[in-house]
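In full-length UniProt numbering, the protein residues as written are 1 to 494. Note that CB positions come from ideal geometry on N, CA and C, so glycine has one too.
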Amino acid sequence: MGRFWPLLLVALAAAASTTAAFLGSARWWLAAGPALALTCVGAGDLVQRRHSVRRNHPLTGRLGRHAAGPRLRWGAVREPRADARDGAEFLVPSLRPVEPAEEPPVVRVGGPGCSQPYDMALLNVSAMSFGALSARAVLALGRGAALGRFAQDTGEGGLSEHHLRGGGDLVWEIGTGYFGCRADDGGLDWREFADKAALPEVKCVSLKLSQGAAPGMGAVLPGVKVSADVARERRVPEGVDVVSPPAHRMFSTPRELLLFVARLREAAGGKPIGIKLCVGARREFLAVCRAMLAEGLAPDFVVVDGAEGGTGAAPSGSAGRLGMPLTLGLVTVHNALVGVGLRDRVRIGASGGVATGWDVVTRLVQGADYTNAARAMMLAVGCVRAGRCHTGHCPAGVATQDPLRTRGLHVADKARQVERYQRETVREAVRIMAAMGVREPGGLTPAHLVRRVAPGSERSYADLYEWLAPGELLAGPPPSWESDWKAADPDAFG
Ligand SMILES: Cc1cc2nc3c(=O)[nH]c(=O)nc-3n(C[C@H](O)[C@H](O)[C@H](O)COP(=O)(O)O)c2cc1C
1 MGRFWPLLLV
11 ALAAAASTTA
21 AFLGSARWWL
31 AAGPALALTC
41 VGAGDLVQRR
51 HSVRRNHPLT
61 GRLGRHAAGP
71 RLRWGAVREP
81 RADARDGAEF
91 LVPSLRPVEP
101 AEEPPVVRVG
111 GPGCSQPYDM
121 ALLNVSAMSF
131 GALSARAVLA
141 LGRGAALGRF
151 AQDTGEGGLS
161 EHHLRGGGDL
171 VWEIGTGYFG
181 CRADDGGLDW
191 REFADKAALP
201 EVKCVSLKLS
211 QGAAPGMGAV
221 LPGVKVSADV
231 ARERRVPEGV
241 DVVSPPAHRM
251 FSTPRELLLF
261 VARLREAAGG
271 KPIGIKLCVG
281 ARREFLAVCR
291 AMLAEGLAPD
301 FVVVDGAEGG
311 TGAAPSGSAG
321 RLGMPLTLGL
331 VTVHNALVGV
341 GLRDRVRIGA
351 SGGVATGWDV
361 VTRLVQGADY
371 TNAARAMMLA
381 VGCVRAGRCH
391 TGHCPAGVAT
401 QDPLRTRGLH
411 VADKARQVER
421 YQRETVREAV
431 RIMAAMGVRE
441 PGGLTPAHLV
451 RRVAPGSERS
461 YADLYEWLAP
471 GELLAGPPPS
481 WESDWKAADP
491 DAFG
């Protein structure tokens with residue numbers, strides 16, 4: 001309530017000085033004029049729908065860094081950190097550019113074991129749970145996804161009613177807590193899983209092994225964000241921290257993981273099943289590939305999350321330092337799948353700092369088939385990067401469960417913003433590809449991306465990384481892959 005006090009005080013001052021001006025000296029108009037003007041501005045803030053922070057903080061929302069316009073905020077997500085981390089990079093334009101594709105490209109997700117494949121957009125809403133995000137933010141993202149025909153990942157907090165009300169295509173994420181389909185023993189309730197997976201809104205299921213912000217650690221949702229609604233969805237006590245186990249109960253080896261994926265696919269009526277991970281040791285992912293070969297099974301997609309990934313729940317001291325950054329993770333997963341001859345049936349999604357068309361094309365060049373964005377989508381629903389996600393005090397109503405704060409987020413307005421952001425970003429990606437002489441993502445090659453490795457010295461990704469030929473690991477791995485390939489065990493991750 002404290003945030004409405006400035007407006008209330010100004011309104012009281014306006015009323016008092018106007019009364020004094022009428023009843024006493026006309027000099028009171030000198031005070032009444034500005035006070036009335038400020039009251040009108042504050043009332044305007046309160047009822048307008050475009051700026052959540054001003055709606056939540058009438059008058060004071062205009063001050064400080066939260067007053068930054070969308071342009072500045074979009075600029076902020078294009079983190080110059082990417083350049084510092086990776087070296088300056090540029091995409092290679094062609095002297096024979098082509099006309100941009102008229103329809104935005106989609107990628108078909110669903111291998112041979114899949115009877116209900118899904119056409120995934122080039123840019124989708126990355127996993128973010130109800131709990132980490134407010135109900136209105138989840139709803140606005142879902143409505144935006146429905147308008148733009150792209151997918152929204154539910155995040156590991158379960159398939160909430162707010163996700164379903166959004167009406168967009170859903171990727172239902174299942175984490176180590178199995179929220180929304182947890183059995184009494186803490187494992188997966190197969191019947192509940194099958195019932196929910198059968199919903200028409202659920203297009204794919206994603207099994208989260210780890211995420212870039214905290215790989216190897218269970219996700220944390222601080223108690224302050226565990227409202228009655230969130231507690232009901234997750235079936236946990238209200239107001240108490242929710243800490244997911246670091247590892248899955250349902251499998252403990254790569255082979256068991258693949259068997260679990262196959263069983264999930266069957267229970268989901270043949271919908272695509274994928275895994276999400278932040279890659280640590282290359283050998284571990286090769287162990288998963290060995291299990292795929294041994295069992296003749298594969299996930300339909302692998303989402304590679306970079307160590308630079310975010311989280312809306314807890315502050316993370318490890319972000320960026322535990323696990324592979326997205327570039328290396330993507331190149332590793334792409335090469336491993338090519339090397340074992342399974343790249344054709346497994347799609348690769350990429351998440352970690354994707355915000356612009358340039359980011360999308362860059363990730364496609366590095367091995368992805370499609371991309372997901374979390375924090376950029378949060379900006380689209382009004383996030384002002386206040387850095388208070390874990391406190392429950394988000395001033396924009398995006399990452400909080402406080403009803404007085406979420407009221408500022410106008411769902412219809414933000415849904416249009418989400419749709420527009422995704423459409424324009426994909427359009428930009430398509431235009432960039434056309435400038436590179438490429439009409440379809442399949443035409444991109446590692447030679448299309450160049451990095452400055454030292455002043456005056458540039459190398460393309462074709463030279464910077466080793467790119468395996470289809471089936472090369474089976475035919476005889478190159479020396480640089482040999483020890484990892486030999487050590488990879490389908491019956492042990494580590
Ligand atoms: C608010 C918030 C909530 C998130 N919740 C989840 C989650 O439930 N499951 C998950 O796999 N990743 C979660 N993530 C990670 C994102 O899905 C994504 O992988 C990561 O933030 C990198 O993408 P970005 O750079 O576009 O944010 C969350 C991220 C944010 C910012």
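Fully enclosed alpha helix (DSSP H) runs of no fewer than 4 residues occupy 282-295 of the segment 278-319, in order along the chain.
Selection Val202, Asp189, Gly387 evaluated against Gly269 yields Val202 as nearest (Cα-Cα). Asp484 is not bridged by DSSP to any residue. Spanning the alpha carbons of Gly397 and Leu46 requires a straight line of approximately 14 angstroms.
Here the segment 118-132 makes contact with the segment 148-155; the two share three or more CB pairs at distances below 8 angstroms.
Cys204: member of the beta strand (DSSP E) spanning 202-208, first to last residue. Setting aside the 5 residues that flank it on each side, Leu468 is surrounded in the same chain by Asn335, Val338, Gly339, each with a C-beta closer than 6 angstroms to its C-beta; the list follows chain order. Closest in C-alpha terms to Ser351, from the list Arg375, Leu342, Asn56, comes Arg375.
Looking at the backbone, the Cα of Ile348 and that of Ile273 are separated by about 12 angstroms. Contact check for Val331 and Gln366: beta-carbon distance about 6 angstroms, within the 8 angstroms limit, so the pair qualifies. In this structure, ligand 1 has a non-hydrogen atom nearer than 7 angstroms to the beta-carbon of Ser129. When distances are taken from the beta-carbon of Arg375 to the heavy atoms of ligand 1, the shortest one is below 7 angstroms.
Shown here, Ala151 sits in a strand according to DSSP, grouped into three states. Close CB contacts of Ala101 within its chain, under the 6 angstroms cut and outside five residues either way in sequence, are with Val430, Arg439 (chain order).
Under the DSSP assignment, Leu364 falls outside any beta strand (DSSP E), being part of the alpha helix (DSSP H) whose first and last residues are 357-365.
Its chain contains Leu139, Gly142, Arg143 as the residues whose beta carbon lies nearer than 6 angstroms to that of Gly166, once the 5 sequence neighbours on both sides are disregarded; these appear in chain order. Under DSSP, Met120 forms a beta bridge with Val107. The C-beta distance from Ala488 to Arg290 rounds to 5 angstroms, short enough to meet the 8 angstroms contact threshold. Exposure of Arg427 is indicated by the presence of fewer than 16 other C-beta atoms within 10 angstroms of its C-beta. With contact defined as three or more Cβ pairs closer than 8 angstroms, the segment 12-22 and the segment 380-397 are not in contact. In the pairwise beta carbon analysis, the segment 474-486 is classified as not touching the segment 453-460: fewer than three pairs are separated by under 8 angstroms. In this model, Arg283 and Val106 are separated by some 31 angstroms (Cα to Cα).
For Leu133, the three-state secondary structure derived from DSSP is strand. Distance between Pro478 and Trp485, taken at the CA atoms: about 10 angstroms. Here Glu295 has Arg255, Leu258, Leu259 as same chain residues with Cβ atoms under 7 angstroms from its own Cβ, once five neighbours each way along the sequence are excluded. Annotation for Gly44: the continuous alpha helix (DSSP H) segment containing it runs 29-47. Following the DSSP letters along the chain, one finds Val171 in no alpha helix (DSSP H) but inside the beta strand (DSSP E) bounded by residues 169-174. Where Ser17 is concerned, the enclosing alpha helix (DSSP H) starts and stops at 5-23. Around Val109, the same chain offers Pro117, Tyr118, Met120, Cys204, Pro272, Asp300, Phe301, Arg347 as residues with beta carbons nearer than 7 angstroms, after the five sequence neighbours per side are excluded.
Around Leu159, the same chain offers Trp172, Gly180, Lys196 as residues with beta carbons nearer than 6 angstroms, after the five sequence neighbours per side are excluded. Contact annotation: Val98 and Leu59 have beta-carbon atoms that are not nearer than 8 angstroms. Ligand 1 has no heavy atom closer than 7 angstroms to the beta-carbon of Val240.
In the three-state reduction of the DSSP assignment, Thr425 falls in the helix class, which pools H, G and I. In the three-state reduction of the DSSP assignment, Lys271 falls in the coil class, being assigned neither a helical nor a strand state. The residue among Leu164, Pro446, Thr311 with its C-alpha nearest the C-alpha of Phe90 is Pro446.
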